[in-house]
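Visitor: The structure under discussion is supplied below as structure tokens; questions concerning it will follow.
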Amino acid sequence: MQTWNSKVHAYIAQKQILNHDRLQQLADFEKDEQSNLELILLNSGWIDEDQLRDMYCQLLNCGTWEQGLDTSKEFIEHLKSTNVELLLAHNMVPVFIDSTQIDIAFSNPHGKEALDYLRFIPQNKRFFAVSAKELELLGEQCRALLSDVPDVPISTDNLSALKELALGAPTVNLVNSLINKGVKLGASDLHIEPVNGKYRARYRIDGILKEADPIPHNLQLAVISRIKILSGMDIAEKRRPQDGKIEMKAGTTDLDIRCSTLPLGMGESVVMRFLIKNAVKFDLKRLGYSEDLVEKINQDLKRTSGVILMTGPTGSGKTTSLYSFLNQINRPDIKIVTLEDPIEYQLPGINQVQVNAEIGYDFSAGLRSIVRQDPDVIMVGEIRDNETAKIALQSALTGHLVFSTVHTNDAPSAYTRLMDLGIQEYLLNAGLVSIMAQRLARTLCEHCKQPLSELETRDLYNKYALSELTAGEIAPLYQAVGCEKCENTGYSGRVAFLEYLPCDGDVKKLAKDERLLDNLYELMREKKLRSLKQDGFLKAVTGQTTIEEVLRVAG
1 MQTWNSKVHA
11 YIAQKQILNH
21 DRLQQLADFE
31 KDEQSNLELI
41 LLNSGWIDED
51 QLRDMYCQLL
61 NCGTWEQGLD
71 TSKEFIEHLK
81 STNVELLLAH
91 NMVPVFIDST
101 QIDIAFSNPH
111 GKEALDYLRF
121 IPQNKRFFAV
131 SAKELELLGE
141 QCRALLSDVP
151 DVPISTDNLS
161 ALKELALGAP
171 TVNLVNSLIN
181 KGVKLGASDL
191 HIEPVNGKYR
201 ARYRIDGILK
211 EADPIPHNLQ
221 LAVISRIKIL
231 SGMDIAEKRR
241 PQDGKIEMKA
251 GTTDLDIRCS
261 TLPLGMGESV
271 VMRFLIKNAV
281 KFDLKRLGYS
291 EDLVEKINQD
301 LKRTSGVILM
311 TGPTGSGKTT
321 SLYSFLNQIN
331 RPDIKIVTLE
341 DPIEYQLPGI
351 NQVQVNAEIG
361 YDFSAGLRSI
371 VRQDPDVIMV
381 GEIRDNETAK
391 IALQSALTGH
401 LVFSTVHTND
411 APSAYTRLMD
421 LGIQEYLLNA
431 GLVSIMAQRL
441 ARTLCEHCKQ
451 PLSELETRDL
461 YNKYALSELT
471 AGEIAPLYQA
481 VGCEKCENTG
491 YSGRVAFLEY
501 LPCDGDVKKL
511 AKDERLLDNL
521 YELMREKKLR
531 SLKQDGFLKA
541 VTGQTTIEEV
551 LRVAG
């Protein structure tokens with residue numbers, strides 16, 4: 001009969017997790033029946049917590065727990081009659097209980113005393129493997145549900161009690177766990193907001209919001225206060241929006257977190273934006289642009305003067321693209337100055353200036369001062385008003401290469417936006433080099449994507465005229481399926497869709513009047529310049545994403 005250690009050894013060998021030499025060392029450890037072989041692997045750094053959890057799932061034929069902790073009154077009542085501390089002491093935590101069923105999450109199945117205790121519980125039992133960090137978060141939530149800490153009303157009278165609760169171990173561990181899990185999942189943001197008298201937490205992953213673990217009711221206000229304290233906000237101020245910043249380590253990851261609060265009718269909404277230092281590589285090839293567009297952009301970047309505009313909504317990757325453009329031309333013989341709100345990433349060799357509206361140092365004031373610094377290249381975070389737009393375009397006429405962004409739906413609309421800001425036609429014709437519109441779409445998970453049937457593929461080719469993008473050939477289209485690698489979403493990572501409009505002689509000839517937008521669309525069709533949707537379809541026919549994702553993002 002196979003022992004537990006031999007099962008672990010067989011699993012490690014089957015998954016090819018270790019090389020031959022370490023497998024030989026493992027065989028020596030295996031002979032010691034008193035030791036837990038998998039814990040030796042973990043403590044030696046040969047496997048990580050996620051691999052350990054996956055191994056338990058397979059060897060013990062159980063699932064993993066992803067729903068968070070039950071917070072119903074029925075669960076809390078059952079929890080009070082359960083020896084939670086005994087279970088937690090043996091790396092187990094009850095995550096659901098009713099009159100017939102108890103679900104136990106564990107990070108280590110070898111707690112004999114806890115298993116003996118569970119045998120005497122009358123309900124049916126199901127076990128779920130989790131990592132040690134996941135168990136720690138569930139344990140803190142479980143303790144918080146059982147604690148006698150009262151809810152703290154939103155009142156300045158309770159500030160001292162609220163601050164004390166915010167600095168307590170349960171709150172500190174819960175906030176740290178939410179941040180660590182967000183970084184681990186690759187989330188760009190963490191949203192905490194009141195809904196129906198409770199606070200819910202959600203991560204934005206690849207542009208889509210996903211529910212996080214629930215926050216225990218009696219720690220909800222403490223969590224908001226804890227985030228305010230960490231980011232330097234005033235915990236007494238609940239009527240006005242606030243902004244702050246947290247610098248911390250999540251494991252070995254250096255992290256900047258931009259925090260903002262917004263007063264709502266039922267409480268305060270908090271959004272934390274994760275900026276991982278040194279994680280983003282500002283490289284044109286990594287953006288996912290098509291080769292023909294990369295070639296055109298590279299030609300624009302060789303210019304010594306002119307304005308290059310990037311358009312799109314918040315979260316469309318405009319800043320990352322502009323940083324990539326700057327990184328492409330960042331050399332010792334070129335002086336680059338940026339004006340940002342806020343400075344999101346530090347770029348070596350580039351002078352980055354922070355806007356401060358509170359002292360009147362806005363984009364227009366900052367741009368006037370930057371021009372006097374004799375830069376070769378200027379990046380303005382956003383063109384919001386006539387003065388900023390005018391200075392940017394006039395700077396292009398005096399020998400500066402200027403990068404900036406405007407908020408429009410597509411590239412042609414940037415013209416009408418600048419005209420709405422009062423920019424004259426001669427400045428538009430003389431200053432603009434190119435305008436790009438961008439969106440980010442999720443890319444298919446390479447582990448689980450599956451081709452559509454031939455019939456479905458032909459129908460989509462006919463419906464969206466995809467043959468124009470493939471020179472008449474029919475390339476396979478794929479669908480999102482979902483697996484453990486992609487959190488069952490079918491997608492992993494993101495790719496950029498790009499619409500590129502060169503501001504060349506043909507565009508300059510067009511009258512800048514009320515018919516300009518229609519004329520620009522017609523010109524793009526004549527010159528076979530891809531729209532955002534068409535560039536998305538090109539990503540779909542090359543197997544990077546799905547037609548559904550293209551329509552969601554650019555439809």
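The letter at position 67 of the sequence shown is residue 67 when you use full-length UniProt numbering, and the numbering goes up by one with no holes.
Glycine is no exception: its CB is placed at the ideal position from the N, C-alpha and C atoms.
#1: Between D374, L455, L264 and L88, which lies nearest to R240 when the distance is taken from Cα to Cα?
#2: Just to confirm the assignment, what range does the alpha helix (DSSP H) spanning H9 have?
#3: Given this structure, state the Cα-to-Cα distance separating L326 from I336, to the nearest angstrom.
#4: State yes or no: is the C-beta of V383 within less than 8 Å of the C-beta of L477?
#5: Check whether the Cβ atoms of V553 and A540 sit closer than 8 Å, and answer yes or no.
#6: Could you check if D70 is buried or exposed, using at least 16 other CB atoms within 10 Å of its CB as the buried criterion?
#7: Can you tell which of L221, D292, R143 and A365 has the C-alpha that lies nearest to the C-alpha of F75?
#8: If I measure Cβ to Cβ from A357 and keep anything under 6 Å in the same chain, skipping five residues before and after, which residues do I get?
#9: Checking the sheet assignment: what are the DSSP bridge partners for Q438?
#10: So is P375 buried or exposed if we call it buried at 16+ other beta carbons inside 10 Å?
#11: I'd like to know if the stretch 362-381 and the stretch 486-502 are in contact, where contact means that at least 3 CB-CB pairs between them fall below 8 Å.
#12: F537: buried (16+ other C-beta within 10 angstroms of its C-beta) or exposed?
#13: If you reduce the DSSP assignment to three classes, tell me which class L428 lands in.
#14: Could you tell me which whole alpha helix (DSSP H) segments of length 4 or greater appear in the stretch 195-268?
#15: For I391 versus S434, is the C-beta distance shorter than 8 Å?
#16: Which residue from G422, G315, E140 and P109 puts its Cα closest to that of L209?
#17: By DSSP's criteria, R126 is part of a beta bridge. Which residues make up the other side?
#18: Taking the beta strand (DSSP E) that G306 belongs to, which residues open and close that run?
#19: Going by C-alpha distance, which of S225, V271 and L275 is nearest K249?
#20: If you run the structure through DSSP and keep just helix, strand and coil, what is G63?
#21: How many angstroms separate the CA atom of K163 from the CA atom of N176?
#22: CA-CA distance, M419 and A396?
#23: Mind checking K181: buried by the 16 CB within 10 Å criterion, or exposed?
#24: According to DSSP, is P170 helix, strand or coil?
#25: Where are the beta strand (DSSP E) runs, 3 residues long or more, that stay fully inside the stretch 279-356, in chain order?
#26: Which partner residues of F403 appear in the DSSP bridge assignment?
#27: Going by beta-carbon coordinates alone, are H400 and S305 separated by less than 8 Å?
#28: Report yes or no: do three or more beta-carbon pairs, one from the stretch 106-114 and one from the stretch 88-97, lie closer than 8 Å?
#29: Using 8 Å as the cut-off, can you tell me whether the stretch 46-53 makes contact with the stretch 11-20, which would need three or more C-beta pairs spanning the two stretches below that distance?
#30: For S155, which residues from the same chain have a beta carbon less than 7 Å from its beta carbon, with the 5 sequence-adjacent residues on both sides left out?
#31: Check the C-beta distance from Q141 over to P216 and give it rounded, since I have them as a contact under 8 Å.
#32: State the DSSP-derived secondary structure class of F120, mapped to helix, strand or coil.
#33: Does DSSP put R143 in a helix, a strand or coil?
#34: Tell me which same chain residues have a C-beta within less than 8 Å of the C-beta of F128, skipping the five on either side of it?
#35: I'd like the list of long-range same chain contacts for A222, defined as Cβ closer than 6 Å, with 5 residues on each side in sequence excluded.
#36: In the DSSP assignment, find the alpha helix (DSSP H) that holds I423 and state where it starts and stops.
Guide: So, to answer that:
#1: On the sequence shown, position 240 is the one that residue 240 refers to. The shortest C-alpha separation from R240 is found at L264.
#2: Start at 1 with the first residue of the sequence shown, and residue 9 comes out as number 9. Element bounds for H9: W4 to Q14.
#3: Counted from its first residue, the sequence shown places residue 326 at position 326. Counted from its first residue, the sequence shown places residue 336 at position 336. For L326 and I336, the distance between alpha carbons rounds to 8 Å.
#4: Within the sequence shown, the letter at position 383 stands for residue 383. Within the sequence shown, the letter at position 477 stands for residue 477. For the sequence presented, residue 383 should be read as Ile rather than Val. Cβ atoms of I383 and L477: not closer than 8 Å.
#5: For the purposes of this step, residue 553 is taken as residue 553 along the sequence shown, with counting starting at 1. For the purposes of this step, residue 540 is taken as residue 540 along the sequence shown, with counting starting at 1. Taking 8 Å as the Cβ cut-off, V553 and A540 do not qualify as a contacting pair.
#6: Working through the sequence shown from its first residue, we reach residue 70 at position 70. Burial call: buried.
#7: Stepping through the sequence shown from its first residue, residue 75 is reached at position 75. When only C-alpha atoms are compared, the closest one is R143.
#8: To locate residue 357, count along the sequence shown from 1; it is residue 357. Result list for A357: empty, nothing under 6 Å.
#9: Along the sequence shown, one-based indexing puts residue 438 at 438. In the DSSP output, where bridge partners are listed per residue, Q438 has L498.
#10: Here the question's residue 375 lines up with position 375 in the sequence shown. Looking at its Cβ environment, which holds 16 or more other Cβ atoms inside 10 Å, P375 is buried.
#11: no
#12: In the sequence shown, counting from the first residue as 1, residue 537 sits at position 537. That one is buried.
#13: In the sequence shown, counting from the first residue as 1, residue 428 sits at position 428. Of the three classes helix, strand and coil, the one that applies to L428 here is helix, per DSSP.
#14: 220-230
#15: In the sequence shown, residue 391 corresponds to position 391, counting from 1. In the sequence shown, residue 434 corresponds to position 434, counting from 1. No, the pair does not count as a contact, with Cβ atoms beyond the cut-off.
#16: Translated into positions along the sequence shown, residue 209 becomes position 209. When each option's Cα is compared against that of L209, the closest is G315.
#17: Counted from its first residue, the sequence shown places residue 126 at position 126. Bridge partners of R126: D103.
#18: Along the sequence shown, read from residue 1 onward, the residue named residue 306 stands at position 306. Here the beta strand (DSSP E) through G306 covers G306 to T311.
#19: Numbered from its first residue, the sequence shown carries residue 249 at position 249. Nearest of S225, V271 and L275 to K249, Cα basis: L275.
#20: Counting from 1 along the sequence shown, the entry for residue 63 is found at position 63. G63: strand per DSSP, three-state reduction.
#21: One-based indexing of the sequence shown puts residue 163 at position 163. One-based indexing of the sequence shown puts residue 176 at position 176. Cα to Cα, K163 sits roughly 17 Å from N176.
#22: Position 419 of the sequence shown, counted from the first residue, corresponds to residue 419. Position 396 of the sequence shown, counted from the first residue, corresponds to residue 396. Roughly 17 Å separates the two Cα atoms.
#23: Mapped onto the sequence shown, residue 181 falls at position 181. With 16 or more other Cβ atoms within 10 Å, it is buried.
#24: Along the sequence shown, one-based indexing puts residue 170 at 170. Helix at P170.
#25: 306-311, 336-340 and 351-354
#26: Start at 1 with the first residue of the sequence shown, and residue 403 comes out as number 403. In DSSP, F403 forms a bridge with I308 and M379.
#27: For the purposes of this step, residue 400 is taken as the residue at position 400 of the sequence shown. For the purposes of this step, residue 305 is taken as the residue at position 305 of the sequence shown. In contact: H400 and S305 (Cβ atoms closer than 8 Å).
#28: yes
#29: yes
#30: The residue you call residue 155 lines up with position 155 of the sequence shown. At S155, the pLDDT of 45 sits below 50, so the modelled position is not reliable and the matter cannot be decided from this model.
#31: Here the question's residue 141 lines up with position 141 in the sequence shown. Here the question's residue 216 lines up with position 216 in the sequence shown. Confirmed, about 5 Å.
#32: On the sequence shown, residue 120 is found 120 positions in, with the first residue counted as 1. Reduced to three states, the DSSP call for F120 is coil.
#33: Locating residue 143 in the sequence shown gives position 143, counting from the first residue. If DSSP states are grouped into helix, strand and coil, R143 belongs with the helices.
#34: Within the sequence shown, numbered from 1, the residue matching residue 128 stands at position 128. Hits under 8 Å: C62, G63, T64, W65, V95, D103, I104, A105 and F106.
#35: As a first step, residue 222 is located in the sequence shown; it is residue number 222 there, counting from the start. Excluding sequence neighbours, A222 sits near L165, A166 and T171.
#36: Numbered from 1 along the sequence shown, position 423 holds the residue referred to as residue 423. Here I423 belongs to no alpha helix (DSSP H), and DSSP marks it neither H nor E.
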